[in-house]
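Trainee: So the protein sequences, as listed, match chains A and B. Just so you know, the working numbering puts 274 at position 274 of the first sequence, and the rest follows in order with no gaps. Heads up: take any position in the second sequence, counting from 1, add 1000, and you land on the working numbering. Please find one structure pasted underneath; my questions will follow.
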Amino acid sequence: MAKMTMVQALNLALRQRMEADDSVIVLGEDVGRDGGVFRVTDGLIDQFGENRSVDTPLAESAIVGMGIGMAVFGLRPVCEMQFSGFSYQAFHQIESHAARLRRRSRGRFTVPMVVRAPYGGGVRALEHHSESREAFYAHIPGLKMVIPSGPRNARALLVSAIEDPDPVIFFEPKAVYRAFREEVPEAEERLPLSRSQLVREGRHVTLVAYGAMVRPTLEAADQLQAHSGIEAEVIDLLTISPIDDELFTASVKKTGHAVVVHEAPKSFGPGAEIIARMMEKSFYYLEAPIIRVTGYDTMFPLFAREQWYLPNARRIARAVQETLKH
Amino acid sequence: MSVSNDQMIEMLRTMTRIRQFETRVQEFFAAGKIPGFVHLYIGEEAVATGACGTLGATDYITSTHRGHGHLIAKGGDLKLMMAEIFGRRTGYCKGKGGSMHIAAVELGILGANGIVGGGGPIANGAALAAKYRGTDQVVVCFFGDGASNQGTTQEALNLASAWKLPVVFVNENNGYGISCPTCKSMAVADIADRAAAYDIPGVVVDGNDVLAVYEAVAEAVKRARAGAGPSLIECKTYRWRGHFEGDACVYRDDQELADWVKKDPLQRFENKLLADGLLDAAKVESIRQEVARELDAAVAFAEQSPLPEAAEVLEDVYA
Ligand SMILES: Cc1ncc(C[n+]2csc(CCOP(=O)(O)OP(=O)(O)O)c2C)c(N)n1
Ligand SMILES: [Mg+2]
């Protein structure tokens, strides 16, 4: 097993899927010769040629729209949006067509397409280059919205996303891209979509997070344990939509307390849905109001206040203390 | 269009400002004082200078992610720009926009734009407003070769031509959209060829010749002010730096860059003015020194300015 960054792990997933299946084609701005601005598609053009690692004109709507047509006719396109903040240029193709074709055609047309996009803050970049707007896509029936949190699950989820028969929006936490390494086995691994994961067991409070927020959440859990003996259970959502509510509602039944963490703005964010599910399925077990630790309802700030905007271990731990007062 | 001697010397000063401003930004970025992404305009100074040289104070521009040069040429205050790029609260956008989102409404600068292709429709809207109110304002929409392939750009060209809006579309063809050469992203040899599809004038100019840019844009501005509608001016040029600072530029060869550096638009204009006897070497040097002092002041202002307070993050979202 090799220790890899998330960028390397994603590259491995693409390479192995392309080796195994010649219908897998990567397309997007600068994905070919340049290897992608974050180097996720590095070297694919050398191994598979420019017909399978395709540099497109600068036109997100054309990229995703083509992906739909390719997918309908038997190919497995993996489209790259250079930053998730540019995916809105392709929104109509995603929302109006990719998500709807299966239903419109009563299952005869399917769109096995992946749209990859780096998202999130922590890299001192501006607005569109830092934001976290997964809720846009999670709200759309017919799409799957996946966000890995580390190199190994990123690789396994991307393999599953490429093999999935439906369109998957795959957000990659750019703050995690090179932040740490994990053992990633050479042999292809898969993780089921729409399954969350228990990453830390505990009995006092349930913490739900995903993407780049999993690390500060685990850090908060460690601090709480060390300083106050609080045992936090941490669940990594992995797929935002369709959401897996079994694990976290079962956890809340055990702990009676919950804190939900995301860097997206608070209002109408994924946290609202997660908490609504907890209310629907585990209301009678709750002992305290559920708290959200999130970004704020504003545009992503420039670097100087970025760390103020982003949830961190301290804010998460404080929220846990708050909910445990009840 | 005749350009007065004073105007030419002013253009040389503007180009010098842009060159020096960008060189400072490059140095501060390398020193880690400017975070995020910056896209420098070095090598393309003649385009912004020539195009904005045709405009009055009340005319508008829309800019791009590579926008510092446009802003300087439209009269942007170097201190407020530098402060914004440093993310300080004294900057044009209170340190909330950064390099790619500088807007200066009082100068008619509708904004640099982090979204490639974002400017065209906004330029049309500003032009429609001017037309509706019966002013004679025009809008210059700067956009790159990459941006010319975005649907929004083509939508804007069509609409402006159908409604005869007072817009001048100034294309900066520097040969690449990040790593993608124009020969791979479009079949036409000249972006200006696309004007034919919209039945508007399409002109190719040497984008490293500030007077050629000025003349072509001035003609288009005159046309727009007279109510005859938009034009598309393609300026062929080259960016000397990587796409963004830190770009390894694996996609282009050193010789190509070296050839373009020989066509340095600033040096070329300087040489012309010297040859024409409009100024002497001492005057050129004094312009450089004056600009250097302006930049010293701008940098000092930026460095001494405070960062935004945390609470300011939540301000300015609504009225
Ligand atoms: C909608 C959108 N897609 C992608 C990007 C990323 N990006 C920034 S600049 C750029 C290339 C722009 O090329 P061009 O229009 O030729 O301008 P140049 O950089 O050459 O000045 C790309 C792909 C973006 N900012 N916005
Ligand atoms: Mg270009």
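Where a beta carbon is used, it is the ideal one built from N, C-alpha and C, also for glycine.
#1: Could you tell me if Met1(A) is buried or exposed, where buried requires 16 or more neighbouring beta carbons within 10 angstroms of its beta carbon?
#2: Shorter than 7 angstroms from the beta carbon of Gln1150(B) to some beta carbon of chain C?
#3: Please compile the residues from chain A whose C-beta is within a distance smaller than 8 angstroms of the C-beta of His1101(B).
#4: At 3 residues or longer, and completely inside the segment 25 to 102 of chain A: list those beta strand (DSSP E) runs for me, N to C.
#5: Determine the DSSP secondary structure at Met145(A), reduced to helix, strand or coil.
#6: Helix, strand or coil: which one does DSSP assign to Arg178(A)?
#7: Measuring only from the beta carbon, is Ile1115(B) closer than 6 angstroms to any heavy atom that is part of ligand 1?
#8: Does Tyr119(A) come within less than 7 angstroms of chain B when only Cβ atoms are used?
#9: Is Ser61(A) close to chain B, meaning its C-beta is less than 7 angstroms from at least one C-beta of that chain?
#10: Following the continuous beta strand (DSSP E) through Tyr1060(B), name the residue where it begins and the one where it ends.
#11: Could you spell out where the beta strand (DSSP E) holding Met4(A) opens and where it closes?
#12: Let me know if Phe180(A) comes out buried or exposed under the rule of 16 or more other beta-carbons within 10 Å of its beta-carbon.
#13: With three or more beta-carbon pairs closer than 8 angstroms as the criterion, would you say the segment 143 to 157 of chain A touches the segment 167 to 174 of chain A?
#14: Determine the direct distance from the alpha carbon of Arg1239(B) to that of Glu1044(B), and round the result to whole angstroms.
#15: Quick one, are the C-beta atoms of Pro173(A) and Gly211(A) less than 7 angstroms apart?
#16: Is the segment 94 to 101 of chain A close to the segment 1083 to 1094 of chain B, with three or more CB pairs under 8 angstroms?
#17: Is it the case that the CB of Tyr1176(B) approaches a heavy atom of ligand 2 more closely than 6 angstroms?
#18: If you draw a straight line from the C-alpha of Arg318(A) to the C-alpha of Arg292(A), how long is it?
#19: Contact check, Asp1059(B) vs Gly1108(B) under 8 angstroms by CB: the rounded distance?
#20: Between the Cα of Asn1113(B) and the Cα atoms of Gly229(A), Phe86(A), Thr323(A), Leu75(A), which residue gives the shortest distance?
#21: Considering only residues of the segment 109 to 142 of chain A, which uninterrupted beta strand (DSSP E) runs meet the minimum length of 3 residues and lie entirely inside it, listed in chain order?
#22: For Cys1093(B), which residues of its own chain have a beta-carbon under 7 angstroms away from its beta-carbon, when the five flanking residues on both sides are left out?
#23: Would you call Lys3(A) buried or exposed, if buried means 16 or more other Cβ atoms sit within 10 Å of its Cβ?
#24: Please tell me whether, using a cut-off of 6 angstroms, the distance from the CB of Gly1146(B) to the nearest non-hydrogen atom of ligand 4 is below it.
#25: Along chain B, in chain order, which residues have C-beta atoms closer than 9 angstroms to that of Leu58(A)?
#26: So, at 6 angstroms on beta carbons, what are the nonlocal neighbours of Leu101(A) in its own chain, with the 5 sequence-adjacent residues on each side left out?
#27: Just to confirm the assignment, what range does the beta strand (DSSP E) spanning Val168(A) have?
#28: Report yes if the CB atom of Leu198(A) is closer than 7 angstroms to the CB atom of Ser160(A), and no otherwise.
#29: Can you name, in chain order, every residue of its own chain whose Cβ lies under 7 angstroms from the Cβ of Thr1014(B), other than the five neighbours on each side?
#30: Taking the alpha-carbon positions, what's the Leu1307(B) to Ala304(A) distance?
#31: List, in order along the chain, the chain B residues whose C-beta lies closer than 8 angstroms to that of Tyr177(A)?
#32: Answer with yes or no whether the minimum CB distance from Tyr309(A) to chain B is below 7 angstroms.
#33: What's the gap between the Cα of Gly67(A) and the Cα of Cys79(A)?
#34: Which residues, in order along the segment 277 to 302 of chain A, keep a beta-carbon less than 8 angstroms from a beta-carbon of chain B?
#35: Of all the CB atoms in chain A, is at least one closer than 7 angstroms to the CB of Leu1159(B)?
#36: If contacts are defined as beta-carbon pairs under 8 angstroms, then Glu29(A) and Cys1249(B) qualify, I think. What distance do you get, rounded to the angstrom?
Mentor: Let me lay it out:
#1: Exposed, by the Cβ-count rule.
#2: The question asks about chain C, but that chain is absent: this structure's protein chains are A and B.
#3: Leu126, Glu127
#4: Runs of the beta strand (DSSP E) inside the segment 25 to 102 of chain A: 53 to 55, 76 to 80.
#5: strand
#6: coil
#7: Indeed, a heavy atom of ligand 1 lies less than 6 angstroms from the Cβ.
#8: no
#9: yes
#10: 1060 to 1062
#11: 2 to 4
#12: The Cβ neighbour count for Phe180(A), taken over all protein chains shown within 10 Å, is under 16; the residue is labelled exposed.
#13: Because the criterion of three Cβ pairs below 8 angstroms is met, the segment 143 to 157 of chain A and the segment 167 to 174 of chain A touch.
#14: 6 angstroms
#15: In this structure, Gly211(A) lies closer than 7 angstroms to Pro173(A) by Cβ.
#16: They do not touch, by the three-pair rule.
#17: yes
#18: 11 angstroms
#19: So it is a contact: roughly 6 angstroms between Cβ atoms.
#20: Measuring from the Cα of Asn1113(B), the nearest candidate turns out to be Phe86(A).
#21: If only complete runs of 3 or more residues are kept, the segment 109 to 142 of chain A shows the beta strand (DSSP E) at 114 to 119, in order along the chain.
#22: Glu1084, His1101, Ile1102, Ala1103
#23: exposed
#24: The model on display carries ligand 1 and ligand 2 but not ligand 4.
#25: Val1116, Gly1117, Gly1144, Asp1145, Gly1146, Ala1147, Ser1148, Asn1149, Gln1150, Gly1177, Ile1178, Cys1180, Ser1185
#26: Closer than 6 angstroms at the Cβ level, and outside the excluded window around Leu101(A), lie Phe109, Val111.
#27: 168 to 173
#28: No; because the gap between Cβ atoms is not below 7 angstroms, this pair is not in contact.
#29: Thr1049, Ile1072, Ala1073
#30: 7 angstroms
#31: Those do not exist, as Tyr177(A) stays about 15 angstroms from chain B at its closest Cβ, beyond 8 angstroms.
#32: yes
#33: 7 angstroms
#34: Only those residues of the segment 277 to 302 of chain A whose C-beta falls short of 8 angstroms from the nearest C-beta of chain B are listed: Tyr296, Asp297, Thr298, Met299, Pro301, Leu302.
#35: no
#36: With 8 angstroms as the limit, Glu29(A) and Cys1249(B) do not qualify as a contact, their Cβ atoms being about 16 angstroms apart.
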